[in-house]
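Undergrad: Input: one structure, supplied below.
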Amino acid sequence: MAANENSLADHSGKLFESHKGYDPRIVFFYFVTAGLLLLLAGGLAYEQLFKSEIHNEKERTQNQRLIIVPAPRGNIYDRHGQLLVGNRPRFAVVLNLDELRAKFRTEFIRIHGNYRETGDKDIPTADQLWSLARVSVVQAYLEQVNAILGRDLKVDPKRLGNHFARELLLPYPLIEDLPPADYAKLIERLPVVSPLQLYTTNTREYPFGSAASQTLGYVGINENVESENFAGAKLKTFKMRGSIGRDGLELKFDNTLQGEAGGSIFRVDPAGYRLRETKPIESRLPVQGKNIVTSLDIDLQLAAEQAIGDQTGAAVAIDIKTGEVLVLASKPDYDLSKFTPRLSHEDAADISARGAWTNIAIGGAFPPGSTFKILTSIAGLRRGLLDPTQPIADCQGYVRIGNKTFVCDNGRGRHGEVLMAEAIAHSCDIYYFAAGRLITPQLLAEEGRRFHLHQRTGIELPNETGRMIMPDPAYKERVIGEKWFPGDTANMSIGQGYVLVTPLEMACFAASVARNEVFTKPTLIHHDNAPVQRTESIGLTPSQRAALIEGMVGTIDHGTGSALNIPMFKIPGVRIAGKTGTAQKEITKDGKTGNINFAWFLCFAPADNPEIAVVVMLEGDTIGETFGGGRNSGPIAATVLKKYFEKKNRPADQKITTPFKTD
1 MAANENSLAD HSGKLFESHK GYDPRIVFFY FVTAGLLLLL AGGLAYEQLF
51 KSEIHNEKER TQNQRLIIVP APRGNIYDRH GQLLVGNRPR FAVVLNLDEL
101 RAKFRTEFIR IHGNYRETGD KDIPTADQLW SLARVSVVQA YLEQVNAILG
151 RDLKVDPKRL GNHFARELLL PYPLIEDLPP ADYAKLIERL PVVSPLQLYT
201 TNTREYPFGS AASQTLGYVG INENVESENF AGAKLKTFKM RGSIGRDGLE
251 LKFDNTLQGE AGGSIFRVDP AGYRLRETKP IESRLPVQGK NIVTSLDIDL
301 QLAAEQAIGD QTGAAVAIDI KTGEVLVLAS KPDYDLSKFT PRLSHEDAAD
351 ISARGAWTNI AIGGAFPPGS TFKILTSIAG LRRGLLDPTQ PIADCQGYVR
401 IGNKTFVCDN GRGRHGEVLM AEAIAHSCDI YYFAAGRLIT PQLLAEEGRR
451 FHLHQRTGIE LPNETGRMIM PDPAYKERVI GEKWFPGDTA NMSIGQGYVL
501 VTPLEMACFA ASVARNEVFT KPTLIHHDNA PVQRTESIGL TPSQRAALIE
551 GMVGTIDHGT GSALNIPMFK IPGVRIAGKT GTAQKEITKD GKTGNINFAW
601 FLCFAPADNP EIAVVVMLEG DTIGETFGGG RNSGPIAATV LKKYFEKKNR
651 PADQKITTPF KTD
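Residue numbers for the sequence shown follow this note's numbering, beginning at 1 and rising by one.
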């Protein structure tokens with residue numbers, strides 16, 4: 001028994017030890033569980049305290065949308081404040097699709113039920129049913145407009161589907177570019193509170209139609225309007241269509257004219273429909289672009305263009321002191337009003353067929369003909385190779401140079417021994433063939449480059465050509481692969497052969513000669529109190545310059561430009577210094593090969609105190625036609641000069657004043 005008691009005591013002792021003790025493995029799991037709970041608590045705290053801003057931003061991007069509205073473009077004015085390019089309202093009938101969600105669902109159910117009731121087993125898919133429902137609802141609203149305007153317009157399902165997929169929050173245009181009369185009818189009869197609304201945007205307006213069209217340029221549709229520094233930059237964005245410059249000043253100064261787009265932020269539901277709220281979360285009105293005041297004088301521009309008429313050519317007028325361009329005319333041109341709201345394929349094809357895209361004044365390079373004799377004279381005078389008091393040739397109407405006979409093609413046939421002033425006035429080729437031989441082609445090219453006739457002027461327009469050429473023997477060998485002949489020098493001395501310049505370059509040259517300097521920087525931007533340009537002096541002595549000007553005045557008084565002396569062109573009290581020019585180019589047309597003419601006229605006035613320089617170039621289109629600078633281009637230049645001095649001499653109370661600051 002004692003043994004049993006001892007055994008029980010031992011056993012009871014073991015039982016006591018097992019209940020009062022602990023297992024290390026269980027304790028380990030206590031710590032693991034506690035660590036996981038701490039980690040979970042830390043993660044929750046991190047998400048709530050540190051990542052709340054990220055979650056808020058995600059929520060914002062999911063339930064908010066940004067609509068960007070383009071700004072009206074700035075206006076373009078002439079130097080006297082006359083509007084050249086502005087904005088006019090453009091009316092449209094639009095439908096706010098986000099207000100029709102309930103009607104779309106009701107129509108969806110109705111159409112689906114109709115299919116089931118008919119027992120049609122070929123039931124369209126859900127997407128097709130939604131498309132049918134949307135077209136049906138939108139067409140019902142369009143019928144309201146049709147009834148008022150007497151039209152029979154139908155909804156384009158594809159266009160409507162694309163709008164739903166990409167531009168749900170933007171108004172859906174039912175009719176664009178409403179005539180004012182139709183707008184008036186609709187504004188009287190459409191319900192005030194309705195998803196159907198009249199919408200007004202801006203489009204470009206051109207008060208003078210085709211005037212200065214290639215210079216002013218045109219705009220196209222801008223699908224990617226940007227709004228800088230807007231709070232909703234990271235949101236899904238819908239952009240109303242704006243406009244962007246495509247050519248001319250509209251392109252060159254697009255950033256200035258563009259303005260600052262506005263926008264609004266709206267809340268949307270998961271399907272992307274706008275929630276019905278009285279106000280957007282945030283909104284900013286668009287700010288119109290800045291205005292541009294050009295150097296153009298629209299009265300002079302119109303006078304030049306009307307004088308050119310249906311001919312092909314260009315006219316440029318420059319303020320001699322400042323380099324401001326008063327006229328930059330090019331024909332053929334195009335009607336800018338046809339670009340709003342967009343240019344049709346037919347009108348674009350017509351412009352291409354007429355060659356009207358090119359601004360000939362800056363984009364066409366032509367041989368300058370005898371207007372180049374002014375530069376040849378300067379090159380010889382500066383280097384002492386020509387003396388205005390001494391003849392250098394005896395003009396008998398022709399001369400043999402190398403193995404070719406060159407004629408004096410100025411209409412008189414022979415001039416005998418003439419001095420420089422008379423050689424300029426009567427455009428004696430024989431005199432200048434001799435002058436070119438004395439000067440050499442290298443020095444002629446050097447003088448042309450000194451007047452910057454070999455490079456772009458840098459005017460504020462796109463597409464200024466780079467085809468100007470001031471050749472020398474090295475040029476011909478490098479480009480043509482032939483050596484230079486004496487006949488090439490003869491041609492160069494009278495502005496033919498390989499010499500190519502633009503009308504704008506020659507106008508800058510005329511302004512420089514008038515100012516007795518070597519370079520004029522042209523500009524199309526007007527500034528009040530613009531400074532007088534100052535560049536290197538030509539370098540002629542007073543007597544040399546007097547002979548040069550005497551010859552240019554003689555051109556008008558009794559020489560090749562004397563057509564300007566008839567009463568309709570004569571300007572009382574104003575002496576004009578000018579130079580005519582006619583260059584030829586061989587072409588093949590309708591199976592016939594021959595020359596067409598380029599008729600030039602270069603001038604400045606008044607001759608004794610120059611203010612304005614004018615250059616006109618007309619391109620002939622008929623082989624062998626009689627077409628000359630004095631007879632054809634001179635009267636156009638005279639028309640511009642006459643208009644200029646008429647405006648200058650108007651009484652002060654009749655002059656237009658700029659109605660705003662130009663700086």
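C-beta atoms are modelled at their ideal positions from N, C-alpha and C, and glycine is treated no differently.
With C-beta atoms as the reference, is K579 less than 7 angstroms away from M552?
TA: Against a cut-off of 7 angstroms, the Cβ pair of M552 and K579 comes out as a contact.
Undergrad: With a cut-off of 8 angstroms on the beta carbons, I'd call M492 and T371 a contact; round off their distance for me.
TA: Going by Cβ atoms, the distance from M492 to T371 rounds to 13 angstroms, so no, they are not a contact pair.
Undergrad: Look at L83 and P270 and say whether their C-beta atoms are less than 7 angstroms apart.
TA: Not in contact: L83 and P270 (Cβ atoms no closer than 7 angstroms).
Undergrad: Start and end of the alpha helix (DSSP H) containing G448?
TA: Unbroken alpha helix (DSSP H) run through G448: 441–450.
Undergrad: Does any heavy atom of the ligand ATP sit closer than 6 angstroms to the C-beta of G624?
TA: Only the bare structure without any ligand can be found here, which leaves the ligand ATP out of the picture.
Undergrad: Taking 8 angstroms as the threshold, find out whether the stretch 529–542 comes into contact with the stretch 377–396 through three or more Cβ pairs.
TA: Enough Cβ pairs lie closer than 8 angstroms, so yes.
Undergrad: Which one of H527, V479, Q455, L300 has the shortest CA to CA distance from L641?
TA: Answer by Cα proximity: L300.
Undergrad: Drop a sphere of 10 angstroms on the beta-carbon of G119, count the other beta-carbons inside from all chains shown, and report buried for 16 or more, exposed for fewer.
TA: Classification for G119: exposed.
Undergrad: Assuming L664 contacts P171 (C-beta within less than 8 angstroms), just tell me the rounded distance between them.
TA: Look at the range of the chain in this structure, 1 to 663, and you will see that residue 664 is not part of it.
Undergrad: Quick check on V532: buried or exposed, where buried means 16 or more other Cβ atoms within 10 Å of its Cβ?
TA: By the neighbour-count rule (16 or more Cβ atoms within 10 Å), V532 is not buried but exposed.
Undergrad: DSSP has Q584 in a bridge; who is on the other side?
TA: Its beta-bridge partners are N597.
Undergrad: By the DSSP assignment, the alpha helix (DSSP H) with M240 in it spans what residues?
TA: First-last for M240: undefined, no H or E at that position.
Undergrad: Classify M568 as buried or exposed, calling it buried when 16 or more other Cβ atoms lie within 10 Å of its own Cβ.
TA: Classification of M568: exposed, given that the 10 Å Cβ count is below 16.
Undergrad: Classify L344: buried if its beta carbon has 16 or more other beta carbons within 10 angstroms, exposed otherwise.
TA: Before going on, a small fix: residue 344 reads as Ser here, not Leu. Looking at its Cβ environment, which holds fewer than 16 other Cβ atoms inside 10 Å, S344 is exposed.
Undergrad: Among V316, S633, L296, which one has its Cα closest to the Cα of G81?
TA: For G81, the nearest C-alpha among the options comes from L296.
Undergrad: Identify which residue in G561, V93, Q455, L190 has its Cα closest to the Cα of G363.
TA: Residue Q455 is the option with its Cα nearest to G363.
Undergrad: Keeping to the same chain, check which residues put their C-beta closer than 8 angstroms to that of K476; ignore five residues upstream and five downstream.
TA: So the qualifying residues of the chain are E482, K483, W484, D488, Y498.
Undergrad: Let me know if V138 comes out buried or exposed under the rule of 16 or more other beta-carbons within 10 Å of its beta-carbon.
TA: With 16 or more Cβ atoms within 10 Å of its Cβ, V138 is classed as buried.
Undergrad: Pull up the CB-CB distance for I623 and I596, whole angstroms please, since I reckon it's below 8 angstroms.
TA: The Cβ separation is near 6 angstroms, so the contact holds.
Undergrad: G161 lies in the alpha helix (DSSP H); which residues open and close that run?
TA: Where G161 is concerned, the enclosing alpha helix (DSSP H) stretches over 157–166.
Undergrad: In the DSSP assignment, find the unbroken alpha helix (DSSP H) run with G113 in it and report its ends.
TA: First-last of the alpha helix (DSSP H) with G113: 101–117.
Undergrad: Just to confirm the assignment: which complete alpha helix (DSSP H) runs, minimum length 4, are found wholly within the stretch 277–336?
TA: Taking only runs of at least 4 residues, the alpha helix (DSSP H) segments lying wholly in the stretch 277–336 are 298–308.
Undergrad: CA-CA distance, R134 and I123?
TA: Cα to Cα, the separation comes out at about 17 angstroms.
Undergrad: In the DSSP output, which residue or residues are listed as bridge partners for M617?
TA: Answer by DSSP bridge pairing, in chain order: A314, W600.
Undergrad: As a quick exercise: from T582, V327, V268, P441, pick the residue whose alpha carbon is nearest that of C408.
TA: Nearest C-alpha to C408: T582.
Undergrad: Give the straight-line distance between the Cα atoms of R110 and F339, rounded to the nearest whole angstrom.
TA: In a straight line, the C-alpha of R110 is about 45 angstroms away from that of F339.
Undergrad: Kindly give me the distance between the Cβ atoms of D335 and G209, rounded to whole angstroms, as I take these residues to be in contact under 8 angstroms.
TA: 5 angstroms between Cβ atoms; contact.
Undergrad: Please report the distance separating the alpha-carbon of H527 from that of L178.
TA: About 39 angstroms.
Undergrad: Taking the alpha helix (DSSP H) that V93 falls in, what are its first and last residues?
TA: Premise fails: V93 lies in the beta strand (DSSP E), 83–95, not in any alpha helix (DSSP H).
Undergrad: Looking at E611 and I221, is the spacing between their C-beta atoms short of 7 angstroms?
TA: No, these two residues do not count as a Cβ contact at 7 angstroms.
Undergrad: Which stretch, first to last residue, makes up the beta strand (DSSP E) that contains G220?
TA: First-last of the beta strand (DSSP E) with G220: 219–222.
Undergrad: Going by CA-CA distance only, name the one from I566, L504, D608, F601 that's closest to R545.
TA: With distances taken between Cα atoms, R545 lies closest to D608.
Undergrad: Give me the residue from R189, E176, Q64, T215 with the minimum Cα distance to L169.
TA: Selected option, being the one with the closest Cα: Q64.
Undergrad: Should R204 go down as buried or exposed, given a rule of 16 or more other Cβ atoms within 10 Å for buried?
TA: Classification of R204: buried, given that the 10 Å Cβ count is 16 or more.
Undergrad: How far does the alpha helix (DSSP H) with I665 in it reach, from first residue to last?
TA: Any question about residue 665 goes unanswered here, given that the chain covers just 1 to 663.
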